[in-house]
Amino acid sequence: MKKLVLTLSAAACLSAAFAQRSNVESAAIYLRNSEMKDAKQTIDQAAAHEETKNDPKMWFYRTAIYDTIVHGKDYNALIDNSTVEQFILATQGCLQSDTKKKYEYYCGYAVINASFDAYNKAIEYAQKQEYNNAIKYYSYVLENMKWDKDGQLKKNNLSDKNVHLAIADAAYKDKNRPVAKEHLQKLMDVDYNDH
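So for the sequence shown, my numbering puts the first residue at -10; every next one is plus one.
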């Protein structure tokens, strides 16, 4: 009886792992066919599952799916408050998990787009006076700068100094003095020339 229970539980685990890998493949097919609602739903299931949440292939497809949704004019109905953040996290997950650099050719460019999206979202939140959210999105930009090998962000006037200043400004307006002081200190450490 014990052997039967062990065999059944092992089969269930293998079945679950296969199902999640199948979700990644299904999401890829949905993406190719521009069925973005199904692609998003399927890749989100794979991202939440233990078997595939650290799989670089899953992160690659998740990046591609969210990139298509965020930047595709036909998919505005699929965009909600967390879509840009999911795109940012997908690009980071892809680059962190891809130790063999198999998907770097795409995710390396996608992280630049995600950084601009994060910066724009941070400005939106700052204009709405939702400073905690603004700081969170500015912080995503800072995190992504380590993957900007070609300096694309700096070429477009998005430097770490500008982001530190934006965080300090948002924190100051939010009366979060410790965060404002931390980022102003970082600016002073690099001899930022602005009163």
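The beta-carbon is built from N, C-alpha and C at its ideal position, and this holds for glycine as well.
- Message: Just to confirm before moving on: does the CB-CB distance between residue 92 and residue 45 stay below 9 Å?
- Response: yes
- residue 118 (DSSP reduced to helix, strand or coil): coil
- Query: Does the beta-carbon distance from residue 54 to residue 29 come in below 9 Å?
  - Reply: yes
- Of all the options 164, 98, 152, which has the alpha carbon lying nearest to the alpha carbon of residue 175? 152
- Task: Compute the Euclidean distance between the alpha carbons of residue 110 and residue 156, then round it to the nearest angstrom.
- Result: 13 Å
- Take residue 75 and list the residues in its own chain whose beta-carbon comes closer than 7 Å to its own, dropping the five residues that flank it on each side. 55
- Message: Output needed for residue 190: all residues of its chain with C-beta closer than 7 Å, excluding positions within five of it in sequence on either side, in chain order.
- Response: Nothing about residue 190 can be read from this structure; the chain reaches only from -10 to 184.
- Using 8 Å as the threshold, is the region 118 to 133 in touch with the region 92 to 108, meaning 3 or more CB pairs across them? yes
- Collapsed DSSP secondary structure at residue 15 in the structure displayed: helix
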